[in-house]
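Chemist: Protein chains in written order, with our numbering: chain R, 1 to 124; chain Z, 1 to 409.
C-beta: ideal position from N, C-alpha, C; glycine also.
Treat the numbers as computed from the prediction; the structure is a model and nothing was measured.
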Amino acid sequence: MEPTYKKTILRHYNNPSNKLDLKKPTKVFSGANPFCGDKLEIKVKLDGQKKITDVSWSGDGCVISQSSASIFTDMIKGKKLAQIQKMTSAKLLKELDINLSPARRKCALLPLYTIKETANEEEE
Amino acid sequence: MKNLVNKNNFPIFSGRFKKMVYLDSAATSQKPKEVIAAEKDWYENHNANIHRGAYKLAEEATELFENSRQKVADFISAPSAKSIVFTKGATESINLVAGAWARYNLKKGDTILLTEMEHHANIVPWQLLSKERGFKIKYWPISQAGELIMSNLDELFSGVKFLSLVHISNVLGTVNQIEKIISLAKKKGLVVLVDAAQSVVHLPINVVKMKADFLVFSAHKMLGPTGLGVLYIQPDLFNQMKPYQSGGEMISEVGFKSVKFKKVPWLLEAGTQPLAQVFALNKTIDYINKVGLKNIKEHSRSLTDYAYLKLSEIDGLTIHGPSAKKRLGLISFSTKIIHAHDLATLLDRKNIFIRAGHHCAMPLHEKLNVPATARISFGIYNTKEDVDKFIKELKSILKQWSQPIKKQF
Ligand SMILES: Cc1ncc(COP(=O)(O)O)c(C=O)c1O
């Protein structure tokens with residue numbers, strides 16, 4: 001049987017990137033998953049062009065949400081905040097490369113919706 | 001521990017999901033073939049709209065519909081069938097009480113008492129109504145052990161006009177001492193609503209003995225059809241009920257400028273009712289009576305005791321809620337080793353279906369200080385083997401996940 005969680009996912013879960021507490025962030029985003037109640041906080045430092053120069057996150061949750069936060073924060077470093085806020089769910093899901101049921105997709109998309117500052121509801 | 005019924009009497013257990021261990025009956029129960037057959041029978045042999053046609057089929061349909069109302073009344077020992085209103089579920093029953101009773105019979109500044117262990121269905125309607133009408137909401141605190149704190153009730157009840165509480169908590173499994181609570185509340189003149197969504201399928205309910213003013217439940221959690229619920233109204237309150245929704249069926253006379261309404265329960269049943277489902281609920285109750293609620297209670301008792309014992313033997317696992325003997329039908333737990341969602345996903349791989357999340361009780365989870373819990377809950381078709389399979393897989397997952405995960409690479 002194919003493993004439930006891929007190695008890369010488990011690696012991020014065990015050794016998450018950017019799971020720190022950024023001092024003096026420019027902006028703090030917080031989000032929650034209405035399906036399970038998991039909470040997430042993302043802090044970013046922006047330069048003059050609103051580019052993300054540094055990022056950290058904190059929160060507890062399942063393997064999917066934790067590894068997604070790790071992978072997502074890696075993805076967004078060096079990018080413009082406005083550009084990240086336009087990222088589609090599909091893009092993040094593709095990056096994670098795991099098969100998820102609709103319910104578990106909400107876990108995976110929590111970081112994205114936290115930064116978009118919108119409810120954790122997938123766009124049509 | 002004997003099996004109570006033959007699983008094969010529930011077609012889903014011999015269909016596509018033959019091998020499943022279904023431990024989520026608190027969310028919805030599976031259906032016996034008698035109930036499935038009844039819905040089909042309605043459409044094939046009885047279907048006509050009720051209270052309307054003057055032909056044989058329609059008159060018979062009306063009679064069958066009203067017979068079902070009587071069957072439900074008998075099921076919860078209500079003295080009159082007029083006390084039974086059909087709704088689309090426990091949620092709508094509560095919304096109905098909020099919209100058609102509390103809205104008109106509570107005054108600005110009156111306090112509504114809820115408990116800390118309520119389902120969102122018994123919180124949000126009251127929050128919305130209170131915002132609109134200026135009512136206050138107070139929460140009855142629970143103890144560490146997940147039971148309502150029974151001291152200082154005088155103070156708790158002071159200023160309270162209405163109490164709405166759950167009979168069996170869908171997260172903690174706690175069986176509240178409902179008779180004692182209502183009799184104390186009645187002494188203070190409170191009107192009481194009982195949310196029996198979880199209890200109605202595990203133990204006999206007697207609304208007269210209990211002295212409930214309102215009692216609500218859903219058919220789908222008690223082996224019956226989806227899309228149908230029940231609201232019991234104590235007869236003294238009939239005159240206090242105002243229309244909930246309006247339209248056909250609930251009126252006795254309509255002019256262009258005036259309208260006269262029917263009496264309870266018909267006043268509260270606007271539009272065409274879920275006829276096939278009401279008929280199927282009648283047959284559901286026949287089925288439950290055949291198995292016997294006493295036997296069902298005993299079966300739920302022994303499964304709950306057994307699973308509780310097995311779970312409590314597992315290191316690092318926290319069971320939320322009271323001891324086995326103070327609960328019925330379900331157990332929620334959490335562990336630091338693995339998040340409830342991951343656990344549910346891994347068990348799903350083994351065809352063991354459990355619930356993970358906040359079970360529509362976010363305020364309670366805030367109190368428990370866990371974002372999510374895992375929950376197993378039982379139906380009359382569950383067996384000791386189901387619990388054994390679940391415990392075995394749970395242990396093996398916990399063992400695997402408590403080792404440094406690097407070893408898995
Ligand atoms: C205690 C309790 N109350 C109310 C409800 C709501 O029932 P329904 O969704 O069938 O309206 C539930 C169902 O989850 C419940 O467990």
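Answer with buried or exposed for Z:S199, where buried requires no fewer than 16 other C-beta atoms within 10 angstroms of its C-beta.
Modeler: Translated into positions along the second sequence, residue 199 of chain Z becomes position 199. That one is buried.
Chemist: 8 Å is my cut-off, CB to CB: does R:K104 come that close to chain Z?
Modeler: Along the first sequence, one-based indexing puts residue 104 of chain R at 104. In the sequence on display, residue 104 of chain R carries Arg and not Lys. Chain Z contact via Cβ: present.
Chemist: Who are the near neighbours of Z:Q408 in its chain, counting only those whose CB is closer than 8 Å to its CB and skipping five residues on each side?
Modeler: Here residue 408 of chain Z refers to the residue found at position 408 of the second sequence. Any reading at Z:Q408 must be qualified, since the residue scores a pLDDT of 46, below 50, and its modelled position is unreliable; no value is offered.
Chemist: Counting along the chain, where does the beta strand (DSSP E) carrying Z:F217 start and finish?
Modeler: Walking along the second sequence from the start, residue 217 of chain Z turns up at place 217. Here the beta strand (DSSP E) through Z:F217 covers 214-218.
Chemist: Show which residues of chain R have a CB atom less than 7 Å away from the CB atom of Z:D342.
Modeler: Position 342 of the second sequence, counted from the first residue, corresponds to residue 342 of chain Z. Near Z:D342 (Cβ distances below 7 Å), the residues of chain R are C62, V63.
Chemist: Measure the CB-CB distance between Z:Y287 and Z:V35 and report whether it falls below 8 Å.
Modeler: By one-based count along the second sequence, residue 287 of chain Z stands at place 287. By one-based count along the second sequence, residue 35 of chain Z stands at place 35. Yes, Cβ-Cβ distance for Z:Y287 and Z:V35 is below 8 Å.
Chemist: Below 7 Å CB to CB, which residues in the same chain sit around Z:D93 once its five sequence neighbours on both sides are set aside?
Modeler: Translated into positions along the second sequence, residue 93 of chain Z becomes position 93. Checking the sequence shown, residue 93 of chain Z turns out to be Ser, not Asp. Counting only Cβ-Cβ distances below 7 Å, and skipping sequence neighbours, we find T87, V216, G229, V230, L231.
Chemist: Between the beta-carbon of Z:V76 and the beta-carbon of Z:N170, is there less than 8 Å?
Modeler: As a first step, residue 76 of chain Z is located in the second sequence; it is residue number 76 there, counting from the start. As a first step, residue 170 of chain Z is located in the second sequence; it is residue number 170 there, counting from the start. Note on residue identity: the sequence assigns Ile, not Val, to residue 76 of chain Z. Taking a C-beta distance under 8 Å as the contact criterion, Z:I76 and Z:N170 do not qualify as a contact pair.
Chemist: Check whether the region 38-50 of chain Z touches the region 269-289 of chain Z, taking contact to mean three or more Cβ pairs, one atom from each stretch, closer than 8 Å.
Modeler: In short, these stretches touch, since the Cβ pair count reaches three.
Chemist: State buried or exposed for R:N18, treating a residue as buried only when at least 16 other CB atoms are found within 10 Å of its CB.
Modeler: Within the first sequence, the letter at position 18 stands for residue 18 of chain R. Buried is the call here.
Chemist: Should Z:H202 be listed as close to ligand 3, given that the test is whether its C-beta is under 7 Å from any heavy atom?
Modeler: Only ligand 1 can be found as ligands here, which leaves ligand 3 out of the picture.
Chemist: In terms of DSSP beta bridges, what is R:L22 paired with?
Modeler: As a position in the first sequence, residue 22 of chain R is number 22, starting the count at 1. None; R:L22 has no bridge partner.
Chemist: Report all residues from its chain with a CB closer than 8 Å to the CB of Z:K186; omit the five preceding and five following residues, and keep chain order.
Modeler: Looking up residue 186 of chain Z in the second sequence gives position 186. For Z:K186, where only same-chain residues beyond five positions count, the Cβ hits under 8 Å are V192, K211.
Chemist: Tell me which residues share the same chain as R:I98 and place their Cβ nearer than 8 Å to its Cβ, disregarding the 5 neighbours each side in the sequence.
Modeler: Taking the first sequence and counting its residues from 1, one reaches residue 98 of chain R at position 98. So the list reads Y5, K6, I9, I64, A108, once near-sequence residues are dropped.
Chemist: Looking only at its chain, what residues have a beta carbon closer than 7 Å to the beta carbon of Z:M1, apart from the 5 residues adjacent to it on each side?
Modeler: For the purposes of this step, residue 1 of chain Z is taken as the residue at position 1 of the second sequence. Result list for Z:M1: S302, Y306, K384, in chain order.
Chemist: How is the beta strand (DSSP E) around Z:S332 delimited, first residue to last?
Modeler: The residue given as residue 332 of chain Z occupies position 332 in the second sequence. If you look at Z:S332, you'll find it in the beta strand (DSSP E) that goes 330-335.
Chemist: Could you compute how far the alpha carbon of Z:T91 sits from the alpha carbon of R:G48?
Modeler: The residue labelled residue 91 of chain Z in the question sits at position 91 within the second sequence. The residue labelled residue 48 of chain R in the question sits at position 48 within the first sequence. Roughly 51 Å separates the two Cα atoms.
Chemist: Out of Z:S164, Z:R133, Z:H220, which has the shortest C-alpha to C-alpha gap to Z:L139?
Modeler: Looking up residue 139 of chain Z in the second sequence gives position 139. Before going on, a small fix: residue 139 of chain Z reads as Tyr here, not Leu. For the residues Z:S164, Z:R133, Z:H220, the minimum Cα distance to Z:Y139 belongs to Z:S164.
Chemist: For R:A103 and Z:S312, what's the separation of their Cα atoms in angstroms?
Modeler: What you label residue 103 of chain R is simply residue 103 of the first sequence in a count that begins at 1. What you label residue 312 of chain Z is simply residue 312 of the second sequence in a count that begins at 1. Cα to Cα, the separation comes out at about 29 Å.
Chemist: Give the DSSP-derived three-state secondary structure of Z:K297 in the structure shown.
Modeler: Numbered from its first residue, the second sequence carries residue 297 of chain Z at position 297. Note: Z:K297 maps to helix in three-state DSSP.
Chemist: Taking C-beta pairs closer than 9 Å, name the residues in chain Z that R:D38 reaches, listed in chain order.
Modeler: Here residue 38 of chain R refers to the residue found at position 38 of the first sequence. Listed along chain Z are H339, H341, P371, A372, each with a C-beta nearer than 9 Å to that of R:D38.
Chemist: Taking 7 Å as the cut-off, is the beta-carbon of Z:S164 closer than that to any non-hydrogen atom of ligand 1?
Modeler: Start at 1 with the first residue of the second sequence, and residue 164 of chain Z comes out as number 164. No, the beta carbon of Z:S164 sits no closer than 7 Å to any heavy atom of ligand 1.
Chemist: With a threshold of 7 Å, establish whether the CB of Z:K221 neighbours any heavy atom of ligand 1.
Modeler: As a first step, residue 221 of chain Z must be located in the second sequence, where it is residue number 221. For ligand 1, at least one heavy atom lies less than 7 Å from the Cβ of Z:K221.
Chemist: Just to confirm, is the Cβ distance from Z:V124 to Z:F214 under 8 Å?
Modeler: Residue numbering aside, residue 124 of chain Z sits at position 124 when the second sequence is read from its first letter. Residue numbering aside, residue 214 of chain Z sits at position 214 when the second sequence is read from its first letter. No, the pair does not count as a contact, with Cβ atoms beyond the cut-off.
Chemist: Measure from the C-beta of R:T4 to each C-beta in chain Z and report whether the shortest distance is under 8 Å.
Modeler: The residue labelled residue 4 of chain R in the question sits at position 4 within the first sequence. Chain Z, which has a Cβ nearer than 8 Å to the Cβ of R:T4, makes this yes.
Chemist: Looking at Z:C360 and ligand 1, is the gap between the Cβ and the nearest heavy atom below 7 Å?
Modeler: Along the second sequence, one-based indexing puts residue 360 of chain Z at 360. Answer for Z:C360: yes, Cβ within range of ligand 1.
Chemist: DSSP three-state call for Z:K406: helix, strand or coil?
Modeler: Along the second sequence, one-based indexing puts residue 406 of chain Z at 406. Confidence at Z:K406 is low in this model, with a pLDDT of 46, below 50, so the placement of that residue should be treated as unreliable; the coordinate-derived value is given next. In this structure, Z:K406 counts as helix in the three-state DSSP scheme.
Chemist: Any heavy atom of ligand 1 closer than 7 Å to the beta-carbon of Z:S83?
Modeler: As a first step, residue 83 of chain Z is located in the second sequence; it is residue number 83 there, counting from the start. No; taking the cut-off as 7 Å, the Cβ of Z:S83 has no heavy atom of ligand 1 nearer than that.
Chemist: Please give me, in chain order, every unbroken run of the alpha helix (DSSP H) with length at least 4 that falls completely inside the region 28-78 of chain R.
Modeler: 63-76
Chemist: Go through its chain and collect everything with a Cβ distance to R:K27's Cβ below 8 Å, but skip five positions before and after it.
Modeler: Residue numbering aside, residue 27 of chain R sits at position 27 when the first sequence is read from its first letter. These residues qualify, in order along the chain: K43, V44, L46, L81.
Chemist: Find the nearest neighbour of R:Q85 within the set R:I115, R:P25, R:E41, R:S30, judged by alpha-carbon distance.
Modeler: The count along the first sequence starts at 1 and reaches residue 85 of chain R at position 85. For R:Q85, the closest of R:I115, R:P25, R:E41, R:S30 by C-alpha to C-alpha distance is R:I115.
Chemist: So, for R:E117: in the same chain, excluding its five sequence neighbours on each side, which residues have a beta-carbon less than 7 Å away from its beta-carbon?
Modeler: Within the first sequence, numbered from 1, the residue matching residue 117 of chain R stands at position 117. Taken in chain order, the residues that qualify are F29.
Chemist: Would a check of beta-carbon distances place Z:L346 closer than 8 Å to chain R?
Modeler: Within the second sequence, the letter at position 346 stands for residue 346 of chain Z. Cβ-Cβ to chain R under 8 Å: yes for Z:L346.
Chemist: Using a Cβ-Cβ cut-off of 8 Å, state whether R:F35 counts as contacting chain Z.
Modeler: Residue mapping note: residue 35 of chain R aligns to position 35 of the first sequence, counting from 1. Yes, its Cβ sits closer than 8 Å to a Cβ of chain Z.
Chemist: DSSP on Z:V370, reduced to helix/strand/coil?
Modeler: The residue given as residue 370 of chain Z occupies position 370 in the second sequence. Note: Z:V370 maps to coil in three-state DSSP.
Chemist: Just to make sure I have the definition right: I need the residues of chain R whose C-beta is within less than 8 Å of the C-beta of Z:G357. Which are they?
Modeler: By 1-based counting over the second sequence, the position of residue 357 of chain Z is 357. By Cβ distance, chain R contributes F35, C36, G37.
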